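Asker: Dropping the structure in here first, questions after.
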Amino acid sequence: MQMVPISEAAKILDVSIDTLRRWDKGGIIRATRDSRGVRQFDIDEVRRIKEKQQSRKNGGVPPTIRFLADSAKNGLNAIDLFAGGGGTALGLSKAGFSHKLLSEIDPHAAETLRSNKPHWNVVEGDVSNIDFKPYYGDLDLLEGGFPCQAFSYAGKSLGFADIRGTLFFEFARAVEETMPKVFVGENVRGLLRHDSGRTLETMLKTLREIKDPNTGHSYSVAYKVVKSQYHDVAQKRERLLIIGVRSDVGDKIYFPKERDYVVSIWEAIGDRPQSEGQEYPASKKRVMKLVPEGGYWRDLPDEIQREYMGRSYFLGGGKTGMARRLSWDEPSLTLTTSPAQKQTERCHPDETRPLNVREYARIQSFPDDWKFSGPVAAQYKQIGNAVPVNLGYYVGKCVQAMIGDLSPEVLEFAEEAEEKYYAFHAVDEGRELVSTVES
Numbered sequence: 000m001q002m003v004p005i006s007e008a009a010k011i012l013d014v015s016i017d018t019l020r021r022w023d024k025g026g027i028i029r030a031t032r033d034s035r036g037v038r039q040f041d042i043d044e045v046r047r048i049k050e051k052q053q054s055r056k057n058g059g060v061p062p063t064i065r066f067l068a069d070s071a072k073n074g075l076n077a078i079d080l081f082a083g084g085g086g087t088a089l090g091l092s093k094a095g096f097s098h099k100l101l102s103e104i105d106p107h108a109a110e111t112l113r114s115n116k117p118h119w120n121v122v123e124g125d126v127s128n129i130d131f132k133p134y135y136g137d138l139d140l141l142e143g144g145f146p147c148q149a150f151s152y153a154g155k156s157l158g159f160a161d162i163r164g165t166l167f168f169e170f171a172r173a174v175e176e177t178m179p180k181v182f183v184g185e186n187v188r189g190l191l192r193h194d195s196g197r198t199l200e201t202m203l204k205t206l207r208e209i210k211d212p213n214t215g216h217s218y219s220v221a222y223k224v225v226k227s228q229y230h231d232v233a234q235k236r237e238r239l240l241i242i243g244v245r246s247d248v249g250d251k252i253y254f255p256k257e258r259d260y261v262v263s264i265w266e267a268i269g270d271r272p273q274s275e276g277q278e279y280p281a282s283k284k285r286v287m288k289l290v291p292e293g294g295y296w297r298d299l300p301d302e303i304q305r306e307y308m309g310r311s312y313f314l315g316g317g318k319t320g321m322a323r324r325l326s327w328d329e330p331s332l333t334l335t336t337s338p339a340q341k342q343t344e345r346c347h348p349d350e351t352r353p354l355n356v357r358e359y360a361r362i363q364s365f366p367d368d369w370k371f372s373g374p375v376a377a378q379y380k381q382i383g384n385a386v387p388v389n390l391g392y393y394v395g396k397c398v399q400a401m402i403g404d405l406s407p408e409v410l411e412f413a414e415e416a417e418e419k420y421y422a423f424h425a426v427d428e429g430r431e432l433v434s435t436v437e438s
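In terms of numbering that gives the first Met the number 0, the sequence shown has 262 at position 263, counting the first letter as 1, and numbering is strictly consecutive.
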């Protein structure tokens, strides 16, 4: 393996050293450090990225993003709570799972599920009204992305004081009533630090106390922040996975296995899928035209910075999402429920407009034939709140591994969790709960 220093790699790729450092941090290209601590890059990897850049600039056809799917069912079944627009459910289905029930309160999202999969048992309404006991002992997986707005970094973070935060306990109730072989909870990274880690600790304590009164079975539980960009998703989207495996099934937990590559926006939307989308007002479009590819508000002339940012210009923090234009050569920033919010701008790399609905969906690895119901704003919301479909596929493979399928086809996507990610083991009642506060 031939290695080159960061200065030479930057020259080959025609980018700044700062850009290459950012790419290293973001996993677009990974560096090793020599004895002096200087970043060194694999020349073959540098050339691979260069070829991709040149193909794009020469008008080449972008590589096709991998839409992961198996050709047959795996015999496993699942219940999906807070199913939204179907990201996790579709990913699990593509991994071979059959769904016994999907719960969703939003009428537009529920219609999306029904219209795309008429055979799915979609229960529209409040999850607290569902009796899960009929599914006891008959479930391989219970999965749920309990609403995360209450735990997000953005805006207020009320946690359990917010009614959406308490929906975690509906997830825990469903686990207790069904006792699935495996459960998977999904939330935002911000949950790790919410209330100095006490919120997550309360959740883990609740899950730890679940015990089948008939058999005595309980759960081993682990949690980990997963970065979607390493799982065939063209997006820097971090999600916290909380996974439990029932004590009679096993005590080893598996998380999605990281790839040694990332998917760029060009690979996801380079062929420019057309659809409805939001537009900028004339005043904002005038400003966004001045932002270079991959740039943001600090790349504007100072007088326009002051005009656009207003009082925010004088406040601390990077505000890197404001007036942000995406870069063709990188994964997208995390998609939000709207591509044109001032704090979390998601402008097309070279066209001065927000990403359209189909581009949003591609970046979340939804296939083009998956149609979203409701007005455009509702479609953006469903996509922005979703777990990427390909990440859902990886999760399905992890469940297969925990249930006992350790075939190469499964272990391509799943790997055993390191001990540091375990909160507790069901087989060791004396183990202390691992601290949930990041150091």
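Where is the CB? At the ideal position from N, CA and C, for every residue including glycine.
Here the structure is a predicted model, which means the values were calculated and not measured.
For residue 259, is the classification buried or exposed, using 16 other Cβ atoms within 10 angstroms of its Cβ as the cut-off for buried?
Answerer: Numbered from its first residue, the sequence shown carries residue 259 at position 260. Exposed is the call here.
Asker: Whose C-beta lies closer than 6 Å to the C-beta of residue 252 among residues of the same chain, with five residues either side of it excluded?
Answerer: Residue numbering aside, residue 252 sits at position 253 when the sequence shown is read from its first letter. 221, 242, 244, 416, listed in sequence order.
Asker: To which residues of the same chain is residue 311 closer than 7 Å at the C-beta, ignoring the five residues directly before and after it?
Answerer: Position 312 of the sequence shown, counted from the first residue, corresponds to residue 311. Closer than 7 Å at Cβ, skipping near neighbours: 318.
Asker: Go through the stretch 345-388 residue by residue and report every complete run of the alpha helix (DSSP H) that reaches 4 residues or more, in order.
Answerer: Complete alpha helix (DSSP H) runs here, min 4: 356-362, 375-384.
Asker: Where do the N-terminal and C-terminal ends of the beta strand (DSSP E) with residue 121 fall, by residue?
Answerer: Numbered from its first residue, the sequence shown carries residue 121 at position 122. First-last of the beta strand (DSSP E) with residue 121: 121-123.
Asker: Would you mind working out which of 277, 0, 370, 65 sits nearest residue 116, comparing C-alpha positions?
Answerer: Along the sequence shown, one-based indexing puts residue 116 at 117. Checking every option, the nearest Cα to that of residue 116 belongs to 370.
Asker: Could you tell me the boundaries of the beta strand (DSSP E) in which residue 226 lies?
Answerer: For this step, residue 226 is matched to residue 227 along the sequence shown. First-last of the beta strand (DSSP E) with residue 226: 218-226.
Asker: Label residue 162 either buried or exposed according to how many other C-beta atoms from any shown protein chain fall within 10 Å of its C-beta, with 16 as the threshold for buried.
Answerer: Working through the sequence shown from its first residue, we reach residue 162 at position 163. At residue 162 the pLDDT is 49, less than 50, meaning the model places this residue with poor confidence and gives no usable figure here.
Asker: Can you tell me whether residue 155 is buried or exposed? The criterion is at least 16 other CB atoms within 10 Å of its CB, across all chains shown.
Answerer: Against the sequence shown, residue 155 aligns to sequence position 156. Caution is warranted here: a pLDDT of 49 is assigned to residue 155, below 50, making its placement in the model unreliable, and the coordinate value is therefore given only provisionally. Label assigned to residue 155: exposed.
Asker: Following the continuous alpha helix (DSSP H) through residue 285, name the residue where it begins and the one where it ends.
Answerer: As a first step, residue 285 must be located in the sequence shown, where it is residue number 286. Its alpha helix (DSSP H) spans residues 281-287.
Asker: Which residue from 82, 184, 18 puts its Cα closest to that of residue 99?
Answerer: The residue given as residue 99 occupies position 100 in the sequence shown. Of the listed residues, the one whose Cα sits closest to residue 99 is 82.
Asker: Return helix, strand or coil for residue 153, following the three-state DSSP convention.
Answerer: Your numbering for residue 153 matches position 154 in the sequence shown. Confidence at residue 153 is low in this model, with a pLDDT of 44, below 50, so its placement is unreliable and no value can be given for it.
Asker: Since residue 359 and residue 379 are thought to touch, with beta carbons under 8 Å apart, how far apart are those beta carbons, to the nearest angstrom?
Answerer: Position 360 of the sequence shown, counted from the first residue, corresponds to residue 359. Position 380 of the sequence shown, counted from the first residue, corresponds to residue 379. Their Cβ separation, rounded to whole angstroms, is 6 Å, which keeps residue 359 and residue 379 in contact under 8 Å.
Asker: The beta strand (DSSP E) that contains residue 100, what's its start and end?
Answerer: Indexing the sequence shown from 1 puts residue 100 at position 101. That run of the beta strand (DSSP E) goes 97-103.
Asker: Quick check on residue 167: buried or exposed, where buried means 16 or more other Cβ atoms within 10 Å of its Cβ?
Answerer: Position 168 of the sequence shown, counted from the start, is the residue given in the question as residue 167. It is buried - the Cβ of residue 167 has at least 16 other Cβ atoms within 10 Å.
Asker: Provide the residue span of the beta strand (DSSP E) that contains residue 186, from first to last.
Answerer: Here residue 186 refers to the residue found at position 187 of the sequence shown. Here the beta strand (DSSP E) through residue 186 covers 181-187.
Asker: May I ask you to report which of helix, strand or coil DSSP gives residue 115?
Answerer: As a position in the sequence shown, residue 115 is number 116, starting the count at 1. Residue 115: helix per DSSP, three-state reduction.
Asker: What residue does the alpha helix (DSSP H) around residue 138 start on, and which one ends it?
Answerer: The residue given as residue 138 occupies position 139 in the sequence shown. That residue, residue 138, is in no alpha helix (DSSP H); it is neither H nor E in DSSP.
Asker: Taking residue 168 as part of the beta strand (DSSP E), name the residues at either end of that continuous run.
Answerer: For the purposes of this step, residue 168 is taken as residue 169 along the sequence shown, with counting starting at 1. Here residue 168 belongs to no beta strand (DSSP E); instead the alpha helix (DSSP H) covers 166-177.
Asker: How would you call residue 28, buried or exposed, if buried means at least 16 neighbouring beta carbons within 10 angstroms?
Answerer: Locating residue 28 in the sequence shown gives position 29, counting from the first residue. By the neighbour-count rule (16 or more Cβ atoms within 10 Å), residue 28 is buried.
Asker: Assuming residue 264 is part of the alpha helix (DSSP H), what are its boundary residues?
Answerer: As a first step, residue 264 must be located in the sequence shown, where it is residue number 265. Start and end: 264-268.
Asker: Taking only three categories from DSSP, how would you classify residue 24?
Answerer: As a first step, residue 24 is located in the sequence shown; it is residue number 25 there, counting from the start. DSSP places residue 24 in helix when its eight states are reduced to three.
Asker: So, residue 257 versus residue 229, is the Cβ gap smaller than 8 Å?
Answerer: On the sequence shown, position 258 is the one that residue 257 refers to. On the sequence shown, position 230 is the one that residue 229 refers to. Yes. Within cutoff.
Asker: In the DSSP assignment, the beta strand (DSSP E) including residue 38 goes from what residue to what residue?
Answerer: Stepping through the sequence shown from its first residue, residue 38 is reached at position 39. Taken as a continuous stretch (DSSP letters only), the beta strand (DSSP E) holding residue 38 covers 38-41.
Asker: For residue 46 and residue 5, what's the separation of their Cα atoms in angstroms?
Answerer: Within the sequence shown, residue 46 is the residue found at index 47, counting from 1. Within the sequence shown, residue 5 is the residue found at index 6, counting from 1. So the two alpha carbons sit approximately 14 Å from each other.
Asker: For residue 64, collect the residues of the same chain with a Cβ closer than 8 Å to its Cβ; drop the 5 residues on either side in sequence, then sort them by chain order.
Answerer: One-based indexing of the sequence shown puts residue 64 at position 65. Only 231, 233, 262, 266, 267, 361, 364 meet the Cβ criterion.
Asker: Whole angstroms is fine: what's the gap from residue 214's alpha carbon to residue 137's?
Answerer: Translated into the one-based positions of the sequence shown, residue 214 becomes position 215. Translated into the one-based positions of the sequence shown, residue 137 becomes position 138. If you take the alpha carbons of residue 214 and residue 137, they lie about 14 Å apart.
Asker: Does the distance between the C-beta of residue 138 and the nearest non-hydrogen atom of the ligand COA fall short of 7 Å?
Answerer: Ligands are entirely absent from the displayed structure, and the ligand COA is therefore not among its contents.
Asker: What residue range is occupied by the uninterrupted beta strand (DSSP E) comprising residue 77?
Answerer: Your numbering for residue 77 matches position 78 in the sequence shown. Segment 76-80, the beta strand (DSSP E) holding residue 77.
Asker: For residue 96, count neighbouring C-beta atoms within 10 Å of its own C-beta (all shown protein chains included) and say buried if the count is 16 or more, exposed if not.
Answerer: By 1-based counting over the sequence shown, the position of residue 96 is 97. By the 10 Å Cβ count, residue 96 comes out buried.
Asker: Please report the residue range of the alpha helix (DSSP H) in which residue 410 lies.
Answerer: Taking the first residue of the sequence shown as 1, we reach residue 410 at position 411. Run containing residue 410: 407-410, per the alpha helix (DSSP H) assignment.
Asker: I need the boundaries of the beta strand (DSSP E) containing residue 245, first residue and last residue.
Answerer: Translated into positions along the sequence shown, residue 245 becomes position 246. Segment 237-245, the beta strand (DSSP E) holding residue 245.
Asker: Whole angstroms are fine: how far does the CA of residue 216 sit from the CA of residue 202?
Answerer: Taking the first residue of the sequence shown as 1, we reach residue 202 at position 203. Taking the first residue of the sequence shown as 1, we reach residue 216 at position 217. Distance between the alpha carbons of residue 202 and residue 216 is about 19 Å.
Asker: Does the beta-carbon distance from residue 141 to residue 106 come in below 8 Å?
Answerer: Translated into the one-based positions of the sequence shown, residue 141 becomes position 142. Translated into the one-based positions of the sequence shown, residue 106 becomes position 107. No; because the gap between Cβ atoms is not below 8 Å, this pair is not in contact.
Asker: If you count every other CB in all the chains shown that lies within 10 Å of the CB of residue 120, and 16 or more means buried, which is it?
Answerer: Mapped onto the sequence shown, residue 120 falls at position 121. Looking at its Cβ environment, which holds fewer than 16 other Cβ atoms inside 10 Å, residue 120 is exposed.
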